[in-house]
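In the working numbering, the protein residues as written are 138 to 1113.
From the three backbone atoms N, C-alpha and C, an ideal C-beta is built for every residue, glycine too.
Since the model is a prediction, treat every value here as computed from it, not as a measurement.
Okay, so here's the structure we're looking at.
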C-alpha cells in the first residue's frame, strides 16, 4: 500500500461549483480508506471555498488560479504540496467517488506492481447504471477513442483491466512513479488520461482499469471537455496534433509540421462530407496553434525521453484498428427496421414520369428534328463546355465594347445545362424542352413525398405541377429561365422543408435555392422572408442546431450574387438586381392594370390565359380560371385540416408568390431597343402554384378520409387543370408558339466561319426601329448566346463600357470620317444590318438608306444578303480585343476563388453518406405530420424469416411501428 495518498480537487467558482465541491469532499470523508490530504485548486476567487463550513478538517491547502487555467495546469500548481512518494488522486468538483473507490484503486496498484496508474469506472453522478467512461485508446493516427461510454452497466466490462489509457478523472497515480507522470499542460484540456497511459507504457508500466471502483461524474466539470461543440472540437483536435508531434520520431517531426495545413484542408473536406461544418473552423485553429507551440512539444518530448524504457511496439496491440473503429461508431441504428416512410417511386411515380414523356413527345414532336431551338427568349449556347464556364466568371463580357464586370448567376445554371451535352451544348436546350414535362412530373412527385405517403396523391402532385399554366406559358413562349425555375422549385421544397433536420439537406437546399434565384431574382424578397420566418421560429423554439442549418441556406446565393450586388449598387441601380436573366424580349404577358392583376389572381401570367384566347376567343377565355377552382378550394381547406400548420405554411407560400407576381408586373428594370420590359410575373405564380398544390395535397391526405370521395376530388382537380392546359399543349403543333427551329448561330455563316479561327472579333448589328431610331449592338464571336447575356447591359440606363452609338449613327450619316478604321480599332470586323420584325414604312426606309450609306463608305466589302440581313466586312486590319488590367484580373481571381470555395463546401455538405442516409430513413418523409395522425403502413411482402403478428390481447406490430418519432425536431448527425 502506498505510504500516503494525496488528493487534488480542482473547482471552479460559483455557488453551484461550491456545492458540488462540498458533495465531493463529503464523499472523500466517507471513503473506507481516506486520503491523507486534499489540496483544492480554485479557478478564480477562492474566498467562497475558504468560507465553506467544515472544509478545514480534510483540506490541507487552497490554491487560487486564473479562471482560464486548464485541469493539467491546476494539477501542476498543486504539485509542490505533494509529499515525495505519495500517490496522487486526481479529482474535481464534480467527481464523487463511491464509498470504496479509493480502497479498490489502492488494492489494484498493490496487486499489479507493473501498474503505474489505476483508473476507476466513471458513471453518471445521478445514475450508477450508465457508464460515462471506462478505458480510452487511440487509432494509428492518434485519434482518441472511448472504449466504453454511454452504455448501460450490467457488469459486462467488470473483467476488463488492460487499456492504453483512461479518463483522467479519478485516476490514482502510484507514488513511486516519476514526477513527469502528470497531466501534460500542453494538451490544453483534452486527452490527459490517454497521454498518461501512453507515457506509462513507454516507461515500462501500464494503466490498470478497476471497474468496481466507481466515481460519479457530471458532463461539464473542470476536468471534462468543454461544453460548446466548437470548443470541444478545438481542444480535442489540438490535443491530437500535440500528441502527434510529441510521439513522432524526431526525423518525422518536420514532416508532420509541414503537413498540418494540408491536413487541415483535407480534414475540412471530410468534415463537410461528414455533415460536421462546425468542426471546420476548430480544425484550422488547432492546426495553426500546433504550428507555433514549439515550447510545449519540446517539453513534452523531453519528459517522455527521460522516462522512456520501452518501444512503441508495446503500445501497438492496444490501439484501436480501423475495423474496430468502424464497428464501434456504426451501430446500424435507424436501418435495421427499415424506413419510417417508404419512397415507393416505382409503385406509381415512374409510370407517371413515363406517361409525361409520351405526352411530351406528342406535343413537341416537331422538336425531335431540330438541331437547336430559337424564338422567344431562346438563343444558341456556346460551342464548347469551356466557353460555357468562361461566361460564368467575372471579366470581359461578350456583348458591348469593353464591358467588364460580374456575370449573372444564371450563366452558371446554363453552364451546368450545356455540360450535359458537351458535344453540342445548344442541343441541351432542345432536350430541356422535350424532357420538361416528365422532369416536372418527377420533381412534383418528389416534392409531394414531403406532404403525403399515398401513392395516388403523389402522382396527382406531380401531374398538377407539370400542368401549371405558368410553366406551359414559359414553354410556349421560349423562356428558359422560367422553365428552369419551375423545374427547380419542387426540389427546393423537397430539400428545404427538411433542411432543419440535417446538414445534408441544408447543403442541397442551399445550392438549389441559389440556382432558383439565379433563374428568377424577383423571388429573392419572398425567399428571404420565408427564410427569416423559419429561422426565427427555430430560435424561438430553442432549436439552435436547426437554426444553424437554416442559416446556411442563403450562403451560396449570397456569394454568387455578391459581385453583381456590389456592381449594381456602385452604379446606383440596386433595383436592377431584380431583373430577369437571359434575353430580354417583348413577349406576351399581362399588364399592370386591373385586368392584368385579375388574370394573375386567377393563376395566369399572360393575357391570352394559357392559349385559351386563340382557342375559344377572348369572351370565353375569361372563364378559364374556373378550371383551376377545385385546386384552389382544396388548398384553402388545408387551413382546417389536422395538419393545419403545414396547411398554413403552404398557403403562406402561395400568398407570397401571388404578391410577388402582382408587384413584379409593375416593375420595369430591363430594356430592349429602348423599350421597357416588366418583370415576368410567372416566376411568382410558379411559387404560388407550389403552395397551392402542396396545400391541396394536405387537404386530400388528411381531411378527405373516405377513399372514394378522395379519389373523386383528386380526379376533379386533375381534370380541371388538364383541361386548362390543353391549348398550351397544342400550341407547338398548331403554330401558336413562339419557339421554332433555329440555326446554331444568330449571325451569318461567314461571321461564324471567321470566328472559328479568330474568336475575338466582333460584329456590329444595326436594326432600324419603327419609331425612326437605330438599335446598335456589338456581338463577339460566332453568335449571340444565352450565356453572353448580362443584366449589366439589359438594365443599363446609361452607356456601359465604350459606346458604339456615335459610330453607328455616323456610319449611316453623311459625316465624312474613316468609319472602317474607327470600327477596326475597336475589334469590329463585320457590320450586319437587320430588319426589325413587323417593320413599318419608317423602318423599311431607314433600312434602305442604311444600305446605300454603307455601300458608299470606303473600307467596307459587301458580302451580300443573308438570312440574317445585309452583311459587310471591314476591309482594314482589325485591332486585337482589349483585355483586363492587373486590378481587374485580381478581382476576377478573388471572386472565382470565393465562389468556388463556398459552392464546393455546399456540394460536400450535400453529398449523402451512409450515416446521413441512415438518419434520413429513420425519420418520416412527411414534414409536419400531426401527432394524432396514424402511422403509415407500407405495403410489402412478408419475408419468410419474419414472425407472424400474433393476435393476442395486444395489437399486432409492424417493422415500422417502433421506428423513430415522426415529429420534427433536432436530429443527431451521427456519432463521431
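- At least 9 angstroms separates the beta-carbon of residue 446 from that of residue 318.
- With distances taken between CA atoms, residue 156 lies nearest to 229 out of 224, 229, 829, 1065.
- Along the segment 913-986, the beta strand (DSSP E) occurs as fully enclosed runs of 3 or more residues at 965-970, listed in sequence order.
- Out of 143, 148, 287, the CA that lies nearest to the CA of residue 170 is found in 143.
- A direct Cα-to-Cα measurement between residue 313 and residue 248 gives close to 15 angstroms.
- Taking C-alpha positions only, residue 362 is separated from residue 194 by approximately 31 angstroms.
- Residue 756 sits exposed, since fewer than 16 C-beta atoms from the chains shown fall within 10 Å of its C-beta.
- Closest option to residue 597, judged by alpha-carbon separation, among 355, 948, 374, 856: 856.
- Distance from the CA atom of residue 461 to the CA atom of residue 276, rounded to whole angstroms, is 10 angstroms.
- Here residue 925 really is in contact with residue 535; their C-beta atoms are around 4 angstroms apart, less than 8 angstroms.
- By the 16-neighbour rule on beta-carbons within 10 angstroms, residue 463 is exposed.
- At a Cβ-Cβ threshold of 9 angstroms, residue 310 and residue 226 count as neighbours.
- Closest in alpha carbon position to residue 343, among 251, 434, 366, 349, is 251.
- Taking the C-beta atoms as reference points, residue 208 is found no nearer than 9 angstroms to residue 315.
- In the DSSP assignment, residue 152 falls within the alpha helix (DSSP H) that extends over 152-166.
- Nearest C-alpha to residue 875 among 892, 748, 769: 748.
- DSSP places residue 797 outside any beta strand (DSSP E); the residue lies instead in the alpha helix (DSSP H), whose first and last residues are 781-801.
- Contact between the segment 419-430 and the segment 363-377 is established, with three or more Cβ pairs separated by less than 8 angstroms.
- Exposure of residue 365 is indicated by the presence of fewer than 16 other C-beta atoms within 10 angstroms of its C-beta.
- Taking a 10 Å sphere around the C-beta of residue 921, we find 16 or more other C-beta atoms and assign the residue as buried.
- By the Cβ test, the segment 488-505 is in contact with the segment 862-882, since at least three Cβ pairs between them sit closer than 8 angstroms.
- For residue 1021, the three-state secondary structure derived from DSSP is coil.
- By the CB criterion at 9 angstroms, residue 847 and residue 837 fall inside the cutoff.
- Relative to residue 651, the option among 627, 637, 613, 692 whose CA is nearest is 692.
- Looking at 236, 1047, 1058, the one whose alpha-carbon comes closest to that of residue 407 is 1047.
- Assignment of residue 632 by DSSP, reduced to helix, strand and coil, places it in the helix class.
- Assigned with DSSP and collapsed to three states, residue 480 falls in coil, not helix or strand.
- Boundaries of the beta strand (DSSP E) harbouring residue 180: 174-180, taken from the DSSP string.
- In this structure, the CA atom of residue 517 is about 10 angstroms from the CA atom of residue 555.
- By the criterion of a C-beta distance shorter than 6 angstroms, residue 826 is surrounded in its chain by 605, once the five residues flanking it on both sides are discounted.
- Distance from the CA of residue 235 to the CA of residue 418, rounded to the nearest whole angstrom, comes to 40 angstroms.
- For residue 1055, the uninterrupted alpha helix (DSSP H) segment begins and ends at 1051-1058.
- Straight-line spacing of the CA atoms in residue 255 and residue 1066 works out to 52 angstroms.
- Classified as buried, residue 270 has 16 or more neighbouring CB atoms from the shown chains inside 10 Å of its CB.
- By the criterion of a C-beta distance shorter than 6 angstroms, residue 885 is surrounded in its chain by 1003, 1005, 1008, once the five residues flanking it on both sides are discounted.
- By the Cβ neighbour-count rule, residue 706 is exposed, with fewer than 16 other Cβ atoms within 10 Å of its own.
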